[in-house]
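See structure below.
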Amino acid sequence: MARAHTRLTNRPDHRDDLAAEALLIALPELPTHAPILVAGDRTGEVEDELRQRGHTVVAWRRFASGVQSASAWPEASNCAAAVLRLPKGRDAFRFGLHALVAAVEPGASVFVYGANDEGIKPAAKRMRSLLDSVETVDSRRHCRVLRGVRSDHPEGLQGSLADHRREESLELDGEAYRYVCYPGVFAKGRVDAASKMLLDAMPKLGEGDHVLDFASGAGLLTMVLAQREPSASFQLIDADAVAIVAAKENVPGVLAICGDSWGRLPSYRRYDRIISNPPIHTGKGRDYSVLTRLVEGAEMRLLPGGSLWLVVQRQIPVRPMLESAFDDVSVAAEDPRFRVWRC
């Protein structure tokens, strides 16, 4: 009999809808001689409305969602205009802005839209480093729409994914690691406290173990574990296409898949250990979707005797959900901020 899973409730976040509404009201008539590049439209409303207005739309999704695929860099070029949903974090915004400016023709407008409490106001200052005539087009319902114009030769433009690649040296427990990262990728070139706690709490892998790193980011966990147990076989999955590019460099030869669900993984594959430091926050809201998918699908993907290891913030009430999916649930490590769970 299938288990009845206990779920955590996401904290509603209506900023995507409100920001999209503000943009669509504020958008002037756009050129039709070339495609419009739409980036980060999590609602789909902007893409749909522009198509209804007669435009050819090219979507760039950095993050995979369901059946929608993602790419690390826009494939379009010489677009007539571009719109960008303000990403979370200054580095991710800078990365997205450079990508859009590189993809539009000289004289094209680039629009950025988002909520006031997401940082849309100071975004105008950062736009001025790449765009001319930056202005606020509209402001309503605690959201703002900004516009800038691409010049013939934007000074300082980093116009390819490779331009944003960073290589750093990390040290953990006396071991040195070469670590590749990109803007907006979790960990930001350092071993975060949650990942370190998870790595310290887990027992040594067995020879030849099969391991899945779920919501892997740039592959930090796998990079460390692969050095500790080279005979183990690793797979990684993450929704961020940029993170997957980094992961393939950090763990050469690993199977790294861009996706946000179990359905993206080979259906026949089972694992001795599934590990995760799952993301909880999306923008200003709290989103348990990744955590929920991880817990609900992990048991069916484990080999006999296999285990799930994950680290989450202490205040996340994850125990009921874990106990609804696994018979044996325990806290392997904790501190005032995080808990490591073993199932």
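Using this note's numbering, you'd call the opening residue of the sequence shown number 158 and step up by one each time.
Glycine included, each C-beta is placed from N, C-alpha and C at the ideal position.
Using the three-state DSSP reduction, which class does proline 461 fall into: helix, strand or coil?
Strand.
Asparagine 235: buried (16+ other C-beta within 10 angstroms of its C-beta) or exposed?
Its Cβ having fewer than 16 others within 10 Å, asparagine 235 is exposed.
Can you name, in chain order, every residue of its own chain whose Cβ lies under 6 Å from the Cβ of alanine 177, other than the five neighbours on each side?
So the qualifying residues of the chain are Thr200, Glu202, Val203.
Hey, would you say valine 258 sits closer than 9 Å to arginine 307, going by beta carbons?
Cβ distance < 9 Å, so valine 258 and arginine 307 count as in contact.
For valine 368, I'd like the list of residues in its chain whose CB is within less than 8 Å of its CB, leaving aside the five on either flank, ordered along the chain.
Hits under 8 Å: Leu362, Thr379, Leu382, Ala389, Ser390, Phe391, Gln392, Tyr428, Asp429, Arg430, Ile431, Ile432.
Identify, in the order they occur along the chain, each residue of the same chain with its Cβ nearer than 7 Å to the Cβ of arginine 322, setting aside the five sequence neighbours on each side.
Counting only Cβ-Cβ distances below 7 Å, and skipping sequence neighbours, we find Val337, Tyr339.
Only counting the same chain, and skipping five residues up and downstream in sequence, which positions put a Cβ closer than 7 Å to that of aspartate 173?
Counting only Cβ-Cβ distances below 7 Å, and skipping sequence neighbours, we find Arg199, Thr200.
Quick check on this structure: which residue in Pro493, Ser317, Leu356 has the alpha carbon closest to the alpha carbon of arginine 251?
Among Pro493, Ser317, Leu356, the Cα nearest to that of arginine 251 is on Ser317.
Within 10 Å of its beta-carbon, does isoleucine 182 have 16 or more other beta-carbons around it, so buried, or fewer, so exposed?
Isoleucine 182 comes out exposed.
What would DSSP say about serine 390, mapped onto helix, strand or coil?
In this structure, serine 390 counts as strand in the three-state DSSP scheme.
If we ignore side chains and look at the alpha-carbon of each, how far apart do alanine 351 and aspartate 357 end up?
In a straight line, the C-alpha of alanine 351 is about 10 Å away from that of aspartate 357.
Helix, strand or coil for glutamine 470, going by three-state DSSP, please let me know.
Note: glutamine 470 maps to strand in three-state DSSP.
Which residues mark the beginning and the end of the beta strand (DSSP E) in which aspartate 357 is found?
Here aspartate 357 belongs to no beta strand (DSSP E); instead the alpha helix (DSSP H) covers 350-358.
One question on the structure: do glycine 253 and glycine 331 come within less than 9 Å of each other, judged by their Cβ atoms?
No, they are not a contact pair.
What three-state label does DSSP hand valine 294 in the structure shown?
Correct three-state label for valine 294: strand.
Classify glutamate 406 as helix, strand or coil using the three-state DSSP reduction.
Glutamate 406 falls in the helix class under three-state DSSP.
Would leucine 184 and leucine 355 qualify as a contact pair, given that the criterion is a beta-carbon distance under 9 Å?
Not a contact, by the Cβ cut-off of 9 Å.
Tell whether a beta-carbon distance below 9 Å holds between arginine 210 and leucine 187.
In contact: arginine 210 and leucine 187 (Cβ atoms closer than 9 Å).
May I ask you to list the residues that DSSP assigns as paired with isoleucine 431?
The partner list for isoleucine 431 (beta bridge, DSSP) reads Leu369, Leu465.
Per DSSP, which one or two residues make a beta bridge with phenylalanine 495?
DSSP output for phenylalanine 495 lists Gln470 as bridge partner(s).
Let me know the secondary structure DSSP gives glutamate 328 once reduced to three states.
Strand.
Where does tryptophan 419 sit, in a helix, a strand or coil, going by DSSP?
Three-state DSSP puts tryptophan 419 in a helix.
What residues match up with tyrosine 425 in a beta bridge as DSSP calls it?
In the DSSP output, where bridge partners are listed per residue, tyrosine 425 has none listed.
Going by beta-carbon coordinates alone, are alanine 413 and glycine 376 separated by less than 9 Å?
The answer is yes: Cβ separation under 9 Å.
Determine the DSSP secondary structure at phenylalanine 252, reduced to helix, strand or coil.
Phenylalanine 252: helix per DSSP, three-state reduction.
Can you check DSSP and say which residues form a bridge with glutamine 209?
In the DSSP output, where bridge partners are listed per residue, glutamine 209 has none listed.
May I have the straight-line CA-CA distance separating valine 291 from arginine 283, to the nearest angstrom?
In a straight line, the C-alpha of valine 291 is about 10 Å away from that of arginine 283.
Which residues in the same chain have their Cβ closer than 8 Å to the Cβ of glutamine 225, if we skip the five residues on either side of it in sequence?
For glutamine 225, where only same-chain residues beyond five positions count, the Cβ hits under 8 Å are Arg218.
Report yes or no: do three or more beta-carbon pairs, one from the segment 486-498 and one from the segment 454-462, lie closer than 8 Å?
The segment 486-498 is not in contact with the segment 454-462.
Mind pulling the beta strand (DSSP E) runs of 3 or more residues that sit fully within the segment 258-288?
List check, beta strand (DSSP E) in window: 261-272.
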